[in-house]
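Presented below is the structure to which this report refers.
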Amino acid sequence: MTVGQPVERVDGRAKVTGDARYAADRTLPGMLYSYLVMGTIARGRVTSVDTAAARAVPGVVEVFTHENAPRLTSDQHFMPLQGTQIHYNGQIVAITVATTPEQAQEAAELVRVTYAPETPKAVIADALTEVYLPANQEVIVGDPTAGLAAAEVTVTQNYSSPPHHHNPIEPHATVAQWDGDHLTVHETSQGVVNAQRTFASAFAIPQTNVRVLAPYLGGGFGGKSPVWPHSLLNAAIARQLGRPAKMVLTRAQMYSIVSHRAEFRQQVTLGAKRDGTLTALVHLSTQQLSRTSENMYSHSISSRMLYACPNIHTRQQGVRLDVPTSRFMRSPQMASHFGLETALDELSYQLGIDPVELRRRNYTDVNPTTGERFSSRFLLDCYKLGADAFGWSRRNPKPGSTRDGHEFVGWGMATEAHDHNANPSSAMVRMAADGTVLSQTATQDIGTGTYTVFTQVVADALGVPLNQVKVELGDTNFPPAALSAGSGTIASVTGAVNAAALAVRTAVVQLAVSNPASPLHGLPAEQIITQHGYLFSPDRSRRESYRAVMARHGAPVQNTSSMTNARGYSTGAVFVEVRVDPRYGRVRVTRGVGAYDAGRVMNHKTAGSQVIGGFTWGIGNALMEHTVLDRRTARVVNPNLSTYLLAVNADVPDIQAIFVNKPDPVSTALGARGFGETPITGVPAAIGNAIFHATGRRIRDLPFTQDKLL
Amino acid sequence: MKNFTYAAPRNVADAVRLAGQPDARFIAGGTDLLNLMKDGAQSHGAIIDINGLALGDIVQRNGVIRIGALARMSDVAAHPAVRRSLPVVSEALLNSASPQIRNMAAVGGNVLQRTRCGYFRDSGTTCNKKAPGSGCPALEGENRGHAVLGGSDHCIAVHPSDLAVALLAVDAVVLTDRRRIPFADFHVVPGTTPDQETVLGHGELITGFEIPVTPLAARSRYLKLRDRATFEFAVVAVAAALNMRGNTVRDVRLTFGGVATKPWRSPEAEDALRGKPLTTTTITEAGRALVRGAVTRDHNAFKVDLVQRALDGLLRDLGGVR
Amino acid sequence: MTADSEYKRRTVLKAGSAAVTATLVATPAATPAAAAQTESSSVDITLRVNGRDHRLAVEPRVTLLDALRERLDLTGTKKGCDRGECGACTVLVDGRRIKSCLTLAVMRQNAEITTIEGLARDDRLHPLQEAFIRRDAFQCGGCTPGQIMSGVACISEGHTRSADEIREWMSGNLCRCACYPNIVDAIQDAAK
């Protein structure tokens with residue numbers, strides 16, 4: 006068995022040598038470069054666009070404005086350049102096209118746009134009277150009012166968090182090429198099948214006329230899940246000009262046209278008995294919406310699914326602002342989870358109950374909202390494994406009790422939890438006449454290890470060595486499969502890959518036992534053992550290699566299978582140590598331990614890296630990440646990577662990842678559950694809780710910058 | 006970015022002559038200039054590459070360390086004479102930027118780098134530095150990172166250089182192709198002309214820096230506070246140089262970054278210490294003297310507190326005060 | 080050369096004008112109407128990359144990064160921010176690590192440029208490339224070429240005496256998948 010082993014990434018060599026080709030790495034003969042011109046007001050209308058100077062730049066082929074841009078509609082998003090209306094700052098107001106990227110960029114600088122501006126609203130604080138409850142955003146379980154009345158202790162606190170931007174290191178890129186009414190797009194996409202559908206719909210051509218490729222993706226984190234309007238515009242430009250066109254967004258452009266995590270405010274009220282038992286959980290939140298979309302992604306699912314509480318009320322309000330539309334971002338439930346897990350820590354101090362013990366006392370293996378039993382949940386194991394590894398039992402709960410030199414040391418913890426997607430998927434497995442195996446499926450490896458895990462799955466199902474298997478992903482020519490988002494890739498697609506591989510195995514075994522030339526002839530097929538590239542008799546006295554069976558057969562054996570899976574919920578517990586220098590309000594995270602129930606762990610190496618990644622995102626969210634909008638102009642003031650701060654290497658300590666590793670019995674993905682988004686969710690709260698333990702200071706507004714700790 | 010002509014002269018005289026063209030600009034490391042041009046904050050028709058000039062040496066002679074303008078940040082930071090005699094310079098450099106940028110950026114260009122104010126760097130926003138009279142959005146806008154000292158109604162952008170703060174603390178002199186400029190006179194506050202950041206004339210070439218080797222400079226340190234562990238501009242930075250006679254402060258230099266519109270020296274804070282014992286009381290008084298006259302805005306008032314704390318912490322470390 | 084070079088016209092003005100001693104001077108050429116859609120002021124340069132000389136025509140404003148990626152099809156070097164803020168474009172020039180987005184191609188003639196494509200020797204991976212795979216020091220791969228080039232330099236500079244030293248000296252390279260501890264492990268392995 007290789008599943009579960011810490012197998013090295015099969016795409017590693019391509020990635021460490023520079024051989025891996027990402028969308029922006031494609032250069033096609035005759036290709037033009039498109040470059041966006043971004044608006045500078047957030048609300049109002051374009052009154053005129055002067056393109057004369059831009060057109061005069063040598064090499065410029067065309068300049069598109071709302072007056073001459075191709076007419077397009079998107080099935081998902083507001084489409085710019087179709088009229089004069091401006092809905093957010095940094096909206097696309099023109100596109101230049103030239104023979105080199107420098108010419109296109111220079112021309113873009115020279116496009117002169119004039120506006121009739123109106124006063125925008127940029128932040129929730131400026132639109133509090135406009136907060137409303139969109140449809141289907143309120144859930145009430147039991148009688149929360151009665152639950153609060155029955156409480157012996159209550160905590161009510163407000164928490165807030167700023168907008169965040171996904172900021173994958175690879176900028177969004179799209180390269181479009183037409184051949185008649187057939188379109189090929191190299192797209193930075195977390196979902197090539199969805200992208201194919203969107204392109205086909207925009208150009209009113211059959212889906213089969215569109216091929217989308219994303220064999221490698223330089224990170225997405227949710228921001229590359231849809232096809233954004235700029236990609237459709239670039240493809241339309243390529244069609245109109247009759248040449249391939251490449252558009253690579255600048256870092257600054259990524260702050261207005263490819264979404265973000267919404268600004269979020271929340272009030273959490275907990276009612277509890279003296280023994281810590283929750284009697285009521287009321288979670289009211291408000292998140293920013295745009296003028297053109299009511300979609301919201303910062304859901305209070307943790308409050309509805311995590312703890313045993315008979316009376317729950319979640320209300321997810323919105324407020325429309327003159328800002329771009331938000332989208333899910335690793336991990337969408339983190340924003341509300343921060344409030345819940347901080348409030349629980351506050352409750353633990355009010356009750357004098359250890360924070361781990363408080364969570365244990367409210368453990369449930371039944372979904373508190375629906376009453377259904379979880380197919381498997383080993384959260385109690387996570388608390389124990391994590392606490393033991395961290396040394397939690399040595400913690401003196403008194404705030405400010407541990408000092409080391411200038412620094413106060415604090416320990417904090419939080420539960421981690423996130424649900425995951427499971428979308429119907431299909432996959433092809435083919436064994437060639439030489440015994441080598443190819444598997445293809447139109448899902449993606451966005452960095453999580455999909456190539457590697459599927460190689461393991463196919464190798465195990467067939468009983469062949471890993472190096473006999475090649476997996477290909479990210480191409481709509483392959484059988485359709487899931488979007489790589491919502492922690493859904495492994496959960497969605499593994500079952501189909503496994504089923505196709507098993508079907509091929511069955512067929513090849515049948516070829517052997519039914520052929521008199523095989524040493525296995527006449528044996529019952531179901532008793533054949535497959536291992537190391539061989540087919541064995543049950544007593545292993547006889548064997549024949551796959552290669553030999555296939556050579557005799559002289560033709561490939563192939564199967565395409567489809568599979569569905571159930572959505573699920575993966576949980577864990579995270580423990581952190583911080584050191585706070587009270588002289589400067591400076592916080593360092595110096596230790597992290599996370600323990601997780603993700604069902605079966607497919608690959609301990611890649612799963613461990615997901616934990617490290619999630620923890621690091623948690624550090625960023627806790628201590629520094631923050632998109633700053635000018636309140637008067639609704640324009641991002643820090644659209645870069647030097648003042649929008651991501652954690653750097655020196656911010657991140659060693660992080661220990663522990664897995665319960667018990668298969669979920671209902672998961673068709675060999676017992677694996679989706680997991681990638683779980684190990685971030687609790688980290689900001691755990692860090693905040695640790696800061697409280699270190700200093701006695703409770704910060705309820707993210708990020709915890711030093712000015713808040715002076 | 007518009008295209009430009011490119012020339013790589015081999016001597017200072019040619020370089021200066023070429024730079025006399027109206028929209029010419031020198032390039033050395035290029036680490037800020039190219040960003041400014043990409044961001045549309047500056048535009049130049051002629052770029053004069055001075056990397057071929059013999060201005061990269063670091064030498065110590067006659068009690069003076071001379072650092073050539075083209076010496077790279079990483080080389081200056083690692084130079085034994087600098088580490089021994091000007092520790093604040095080495096520390097400030099090692100706290101700057103990233104290893105790659107320190108390998109590229111020349112120290113002459115470092116002191117000329119321009120503010121990281123988000124409004125200045127945004128071609129879609131007005132800014133008095135870019136277009137005098139167009140207005141400063143930072144005054145009433147997002148100014149957490151902005152100056153509390155040396156600002157005006159026209160500009161409150163902070164100067165981003167760590168090195169400049171250190172050079173100011175060690176009495177450096179700027180050498181150009183035509184004159185010597187005491188470092189304290191080199192940068193200017195914005196006043197009504199925030200587009201003017203130094204006294205350098207058009208086409209004037211920094212050739213190096215001279216720094217006297219003194220006991221004061223030998224006991225010097227740099228403290229930089231920021232929102233992540235490293236690779237970030239200062240929220241608040243302090244350079245201190247201290248010469249003690251027994252318990253008494255014989256001489257002291259206190260300079261600051263992240264809080265002012267130019268590398269900031271505080272004679273008032275120095276006076277609060279000079280000739281006095283280094284104690285909690287005198288250190289506190291120095292901090293108060295520093296921020297007397299500070300002007301805060303909506304989001305940057307914490308810097309007044311933080312810079313005093315930074316000064317306090319650094320002086321205690323440097324002076325061995327518990 | 081990439082295919083789009085057929086759309087370029089080269090205008091070359093070599094150095095040595097009477098007025099100044101310059102190694103290279105390029106000025107915009109008068110652009111005939113027929114050539115209106117071409118580069119008006121390219122210069123011929125030679126870049127020595129991974130031990131091979133590449134002749135190409137670029138405008139002076141073309142960065143080393145864009146010359147590598149868009150002209151020489153050496154796309155292993157990544158563009159993450161184009162402002163020196165992420166480190167994805169790190170290459171070695173004469174053995175020192177730099178950010179190729181912050182320098183002009185014309186400025187890097189007569190220099191030995193090493194990119195990620197030039198690190199392996201005859202199919203044998205560099206020890207740090209091997210260590211990155213073994214330690215799972217990457218996920219999406221977007222920052223990885225820059226991390227590895229920076230790591231190679233970090234090792235040769237000797238900034239590997241402790242994990243904390245590596246953390247500090249590798250902080251010029253952002254990793255959004257966030258593999259930092261594994262990157263530190265890989266560099267420690269390769270430094271041995």
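Residue numbers (our numbering), protein chains in the order written: chain A, 6 to 715; chain B, 6 to 327; chain C, 80 to 271.
The C-beta atom is built at its ideal place from N, Cα and C for all residues, glycine as well.
Under the three-state DSSP convention, the category residue i falls into
i	result
Pro106 of chain A	helix
Pro521 of chain A	coil
Pro282 of chain B	strand
His238 of chain C	coil
Arg31 of chain A	coil
Tyr388 of chain A	helix
Phe379 of chain A	coil
Ser79 of chain B	helix
Gly625 of chain A	helix
Ala662 of chain A	strand
Pro107 of chain C	Bear in mind that a pLDDT of 38 at Pro107 of chain C, under 50, signals an unreliable position, so the number given afterwards is only what the model happens to contain. Coil at Pro107 of chain C, not helix or strand.
Arg148 of chain C	helix
Asp268 of chain C	helix
Asp276 of chain B	helix
Thr203 of chain B	strand
Asp173 of chain C	coil
is_contact[residue i, chain C] using C-beta, thresh 8 Å
i	result
Tyr221 of chain A	yes
Met6 of chain B	yes
Thr52 of chain A	no
Phe236 of chain B	yes
Lys610 of chain A	yes
Ala639 of chain A	no
Residue burial classification, residue i (beta-carbon count within 10 angstroms, cutoff 16)
i	result
Asn94 of chain A	buried
Tyr137 of chain A	exposed
Arg255 of chain B	exposed
Glu143 of chain A	exposed
Leu531 of chain A	Rather than Leu, the amino acid found at residue 531 of chain A in this sequence is Glu. Glu531 of chain A is exposed by the Cβ-count criterion.
Asn115 of chain B	buried
Val562 of chain A	buried
His342 of chain A	buried
Cutoff 8 Å: residue i Cβ touching any chain B Cβ
i	result
Glu244 of chain C	no
Leu254 of chain A	no
Ser647 of chain A	yes
Met629 of chain A	yes
Ala652 of chain A	yes
Minimum Cβ-Cβ distance from residue i to chain A less than 8 Å
i	result
Glu191 of chain C	no
Arg233 of chain B	yes
Leu311 of chain B	yes
Please list the residues of the segment 432–459 of chain A that have a C-beta atom closer than 7 Å to any C-beta atom in chain C, keeping them in chain order.
Ile451, Gly452, Thr453
Listed in chain order, which residues of the segment 129–144 of chain C have Cβ atoms closer than 7 Å to some Cβ of chain A?
Glu138, Arg140, Val141
Would you say the segment 452–466 of chain A touches the segment 579–598 of chain A, given that touching needs at least three Cβ pairs under 8 Å?
no
Touch test, the segment 41–52 of chain A against the segment 87–101 of chain A, Cβ-Cβ under 8 Å, three pairs minimum
yes
Please list, in chain order, the residues of the segment 89–104 of chain B that have any C-beta partner in chain C closer than 8 Å.
Ala102, Ser103, Pro104
For the segment 19–46 of chain A, list every residue whose C-beta sits within 9 Å of some C-beta in chain C, in sequence order.
Ala19, Lys20, Val21, Thr22, Gly23, Asp24, Ala25, Arg26, Tyr27, Ala29, Asp30, Arg31, Thr32, Leu33, Pro34, Gly35, Met36, Leu37, Tyr38
Identify each residue in the segment 570–604 of chain A for which the Cβ-Cβ distance to at least one residue of chain F is less than 8 Å, and report them in chain order.
Protein chains A, B and C are contained in the structure displayed, whereas chain F is not.
What residues from the segment 39–62 of chain B come within 7 Å of chain C, judged by C-beta to C-beta, listed N to C?
Leu39, Asn40, Lys43, Ile52, Asp54, Asn56, Gly57
Count the CB pairs spanning the segment 166–173 of chain A and the segment 626–641 of chain A that are closer than 8 Å, and state whether there are at least three.
yes
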